[in-house]
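Chains as they are written, first to last, in my numbering: chain A, 1 to 245; chain B, 1001 to 1245.
Don't be surprised by glycine CBs; every beta carbon is placed ideally from N, CA and C.
This one's a predicted model, so the numbers in the text were calculated from it and none came from an experiment.
Note sheet for the following structure.
Number of protein chains: 2
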Amino acid sequence: MSAPSQVTRALIALRERIFSGALRPGERLAEIPLAEAIGVSRTPVRLALAELEKEGLVEPAPGGGFLVRAFTAREIDDAIELRGTLEGMAARLLAEHGASRALSRALSDCLAEGDSALAGSELTAEALQRYAEMNRRFHGLIAEAAGNAALARALAMVSAIPFASASALVPSPGSSAARHRLLIYAHEQHHAIVEAITGGQGARAEALMREHACNTRANLRLILEAGDAAPPGFRTLVSGRIAAA
Amino acid sequence: MSAPSQVTRALIALRERIFSGALRPGERLAEIPLAEAIGVSRTPVRLALAELEKEGLVEPAPGGGFLVRAFTAREIDDAIELRGTLEGMAARLLAEHGASRALSRALSDCLAEGDSALAGSELTAEALQRYAEMNRRFHGLIAEAAGNAALARALAMVSAIPFASASALVPSPGSSAARHRLLIYAHEQHHAIVEAITGGQGARAEALMREHACNTRANLRLILEAGDAAPPGFRTLVSGRIAAA
DNA sequence: ACGGACATTGTTGCATGCAAGGACTCGTTT
DNA sequence: AAACGAGTCCTTGCATGCAACAATGTCCGT
């Protein structure tokens, strides 16, 4: 239990190589050289590749085996849009069924943490990190509390698509001022979402939550079109543009 | 290419055993006896089990290996509800972007086929089979034409959950009159959905499509609570009730 | 110089063996 | 009779070998 299994070691190594660009989109993933490079036998490599296929990072190649998948910007945009719809459903269900006292408290704690992180005159790396973690927790709480297991699973899967999760494109200190303003706007939306949920306003909560995902889409557009700072691995894995709206 | 691989043979055999009740929910799936029973070696059994985990039919067991998953009625109901939201999004996107002439024609053909299947004074097994296939095509066309790949993938996954797809709970000849009436109602909704899509009415299309999934939920409730005719494998794999709305 | 055929190398799918861990059964002790 | 310990059997994780297939390279003939 404490020692990672060989499959886990292979998974970690493969993910790292994909995100670092050592393995490029379209590249053939051959069991034997990979097993040798990672230091495990072929069996865990094969099982790790099957798992990465499940995660969408690799795809089956003609004639067997796997290729590193290429992600288009369009695909990530699609995933973010889908996440908006799913999170909207979660917020609606939650508003309809009512939030427990404990959940309301947890959501309020998130709001306070976000306010605190954004309170400085400057968005330091530490503040942004705190914000990103708060954001992850906020979205996670809503997904789990909605009470629909299929929905929670679908949200987990769409959030696992590279750069499509709620915190994937949170700006870094070097990002543009436009993205920093967007972050402040996004957190104000968090406040409104909590208000709608605790007030039992299902349609409002859903609409706000869907609109909220548009911030991630705007971040994506700024990275692609204005050359704004991108997260690690983005420039390697993502290609193409988003069609004009 | 023509001969099924050993993994495929193992997948087919395992699915059959699960749906037939030869392997019951909660039962431990041991590689060696299964490999012997199916007539393949352990490697394809292991890969098949990993694939079935991906499909949700089996789950990892504590201490390694897998168990046959039990499905609760609640879980299937959740999945159907999720499908409604996803299909609603698809119909909205389609209405917003406009349906091509070819797609409009294909959807109209589905409507005509459904009308024809339901036209008889009695719903024969053949008529219901034709309806189910038309229904599958209708829903598939909308999912693919929506133009969001992440959405199409999420729909494919939720539809793969046993008994959650659009045609999973289409009645059989021995089903109750209530379910037959529901079928006729559902097909009238198909007409309205196409009208909304081709008319560019995004919000209307979405609302109709979401409501449309409630028919599957109603079918599920009738099977569970009125003891109506259930599809093959349902009584084996599905346990529990749905909470009162 | 180009194309075709053959040989070699690399890779995948699969089978099987080994080691370690967990579960079950049997015997002994309290 | 019940509980505990030891031994045995079953299963999983993993390593490795074999056969078949595909891709690439080389050589020969036109």
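Inter-residue Cα distance where the pair is residue i and residue j
{"i": "R1179 (chain B)", "j": "A1146 (chain B)", "result": "30 Å"}
{"i": "P1004 (chain B)", "j": "G1039 (chain B)", "result": "13 Å"}
{"i": "L57 (chain A)", "j": "E31 (chain A)", "result": "16 Å"}
{"i": "A230 (chain A)", "j": "D109 (chain A)", "result": "29 Å"}
{"i": "P1232 (chain B)", "j": "L94 (chain A)", "result": "34 Å"}
{"i": "Q129 (chain A)", "j": "L1111 (chain B)", "result": "53 Å"}
{"i": "M1001 (chain B)", "j": "D115 (chain A)", "result": "Model confidence at M1001 (chain B) stands at a pLDDT of 36, short of 50, so the residue's coordinates are unreliable; what they give is reported in the following sentence. If I take the Cα positions, the gap works out to 59 Å."}
{"i": "S239 (chain A)", "j": "L49 (chain A)", "result": "23 Å"}
{"i": "G1063 (chain B)", "j": "A1160 (chain B)", "result": "27 Å"}
{"i": "I80 (chain A)", "j": "H1187 (chain B)", "result": "32 Å"}
{"i": "A1035 (chain B)", "j": "A1192 (chain B)", "result": "51 Å"}
{"i": "E75 (chain A)", "j": "P1060 (chain B)", "result": "30 Å"}
{"i": "S1165 (chain B)", "j": "R1204 (chain B)", "result": "22 Å"}
{"i": "L155 (chain A)", "j": "A1102 (chain B)", "result": "33 Å"}
{"i": "G1246 (chain B)", "j": "A1218 (chain B)", "result": "The first residue shown for chain B is 1001 and the last is 1245, placing residue 1246 (chain B) beyond what the model contains."}
{"i": "E16 (chain A)", "j": "A10 (chain A)", "result": "10 Å"}
{"i": "E133 (chain A)", "j": "F1066 (chain B)", "result": "33 Å"}
{"i": "Q1006 (chain B)", "j": "G174 (chain A)", "result": "53 Å"}
{"i": "S1100 (chain B)", "j": "C214 (chain A)", "result": "27 Å"}
{"i": "A245 (chain A)", "j": "L82 (chain A)", "result": "For A245 (chain A), the pLDDT reaches just 49, beneath the cut-off of 50, and the residue's location in the model is therefore unreliable, although a value from the coordinates is still provided. Distance between the alpha carbons of A245 (chain A) and L82 (chain A): 16 Å."}
{"i": "G21 (chain A)", "j": "S41 (chain A)", "result": "23 Å"}
{"i": "E1113 (chain B)", "j": "V194 (chain A)", "result": "47 Å"}
{"i": "R28 (chain A)", "j": "Y185 (chain A)", "result": "43 Å"}
{"i": "A243 (chain A)", "j": "F71 (chain A)", "result": "15 Å"}
{"i": "I1012 (chain B)", "j": "P1162 (chain B)", "result": "15 Å"}
{"i": "P33 (chain A)", "j": "V45 (chain A)", "result": "10 Å"}
{"i": "R153 (chain A)", "j": "S1121 (chain B)", "result": "43 Å"}
{"i": "R24 (chain A)", "j": "L1023 (chain B)", "result": "42 Å"}
{"i": "H1212 (chain B)", "j": "S176 (chain A)", "result": "45 Å"}
Proximity of residue i and residue j at Cβ, strictly below 9 Å
{"i": "A106 (chain A)", "j": "R137 (chain A)", "result": "yes"}
{"i": "A1207 (chain B)", "j": "G1098 (chain B)", "result": "no"}
{"i": "A1149 (chain B)", "j": "D228 (chain A)", "result": "no"}
{"i": "R1210 (chain B)", "j": "T1008 (chain B)", "result": "no"}
{"i": "L255 (chain A)", "j": "L220 (chain A)", "result": "Shown here, chain A extends from 1 to 245; a query on residue 255 (chain A) therefore has no answer."}
{"i": "I18 (chain A)", "j": "A91 (chain A)", "result": "no"}
{"i": "S943 (chain B)", "j": "T1198 (chain B)", "result": "Outside the displayed range of chain B (1001 to 1245) lies residue 943 (chain B), so it cannot be described from this structure."}
{"i": "A1226 (chain B)", "j": "S1172 (chain B)", "result": "no"}
{"i": "A168 (chain A)", "j": "T216 (chain A)", "result": "yes"}
{"i": "N135 (chain A)", "j": "V158 (chain A)", "result": "no"}
{"i": "L1224 (chain B)", "j": "A1073 (chain B)", "result": "yes"}
{"i": "G1202 (chain B)", "j": "E1096 (chain B)", "result": "yes"}
{"i": "L1047 (chain B)", "j": "L1014 (chain B)", "result": "no"}
{"i": "Y131 (chain A)", "j": "L118 (chain A)", "result": "yes"}
Within chain B, the residues that residue i reaches when beta carbons sit closer than 8 Å
{"i": "V40 (chain A)", "result": "Here the premise fails: no neighbours, minimum Cβ distance about 16 Å."}
{"i": "F75 (chain A)", "result": "Looking at the sequence shown, residue 75 (chain A) is not Phe but Glu. Ordered by position in chain B, the residues that pass the 8 Å Cβ test against E75 (chain A) are A1149, A1150."}
{"i": "A218 (chain A)", "result": "Ordered by position in chain B, no residue passes the 8 Å Cβ test against A218 (chain A), which lies about 18 Å from the chain."}
{"i": "A207 (chain A)", "result": "Neighbours of A207 (chain A) on chain B: none; closest Cβ ~11 Å, over 8 Å."}
{"i": "A99 (chain A)", "result": "Ordered by position in chain B, no residue passes the 8 Å Cβ test against A99 (chain A), which lies about 18 Å from the chain."}
{"i": "A203 (chain A)", "result": "The premise fails here: A203 (chain A) is roughly 11 Å from chain B at the closest Cβ pair, so nothing lies under 8 Å."}
{"i": "A35 (chain A)", "result": "The premise fails here: A35 (chain A) is roughly 15 Å from chain B at the closest Cβ pair, so nothing lies under 8 Å."}
{"i": "A117 (chain A)", "result": "Those within 8 Å of A117 (chain A) in chain B number zero; the least Cβ separation is about 29 Å."}
{"i": "A95 (chain A)", "result": "The contacting residues do not exist; A95 (chain A) stays about 15 Å from chain B at best."}
Amino acids of chain A, ordered along the chain, whose beta-carbon sits closer than 7 Å to that of residue i
{"i": "N1148 (chain B)", "result": "D78, E81, L82"}
{"i": "A1050 (chain B)", "result": "L47, A50"}
{"i": "M1089 (chain B)", "result": "T85"}
Per-residue contacts from residue i into chain B (C-beta, under 9 Å)
{"i": "I161 (chain A)", "result": "A1150"}
{"i": "A10 (chain A)", "result": "Correct list: empty, because the minimum Cβ distance to chain B is about 14 Å."}
{"i": "A213 (chain A)", "result": "Simply none; closest approach about 12 Å."}
{"i": "E13 (chain A)", "result": "In the sequence on display, residue 13 (chain A) carries Ala and not Glu. The premise fails here: A13 (chain A) is roughly 19 Å from chain B at the closest Cβ pair, so nothing lies under 9 Å."}
{"i": "A70 (chain A)", "result": "Those within 9 Å of A70 (chain A) in chain B number zero; the least Cβ separation is about 13 Å."}
Within chain A, the residues that residue i reaches when beta carbons sit closer than 8 Å
{"i": "L1123 (chain B)", "result": "Going along chain A, no residue has its Cβ under 8 Å from L1123 (chain B), so there is no contact; the nearest lies around 30 Å."}
{"i": "A1196 (chain B)", "result": "Ordered by position in chain A, no residue passes the 8 Å Cβ test against A1196 (chain B), which lies about 18 Å from the chain."}
{"i": "A1112 (chain B)", "result": "Correct list: empty, because the minimum Cβ distance to chain A is about 31 Å."}
Beta-carbon neighbours of residue i, restricted to chain A and to distances below 9 Å
{"i": "A1030 (chain B)", "result": "Those do not exist, as A1030 (chain B) stays about 18 Å from chain A at its closest Cβ, beyond 9 Å."}
{"i": "A1061 (chain B)", "result": "Going along chain A, no residue has its Cβ under 9 Å from A1061 (chain B), so there is no contact; the nearest lies around 15 Å."}
Listed from N- to C-terminal order along the chain, which residues in the region 125-146 of chain A have their beta-carbon within a distance smaller than 9 Å of any beta-carbon of chain B?
none
Where in the region 1018-1098 of chain B do unbroken runs of the alpha helix (DSSP H), each at least 4 residues long, occur, reported from the N-terminal end onward?
1031-1038, 1042-1055, 1073-1097
Starting from the N-terminal side, write out each stretch of the alpha helix (DSSP H) that is 4 residues or longer and does not extend beyond the region 149-221 of chain A.
149-159, 177-198
Of all the residues that make up the region 221-236 of chain A, which are near chain B by a beta-carbon distance shorter than 8 Å?
none
Chain B contacts made by the region 156-187 of chain A, where a contact means CB separation under 9 Å
M157, V158, I161, A164
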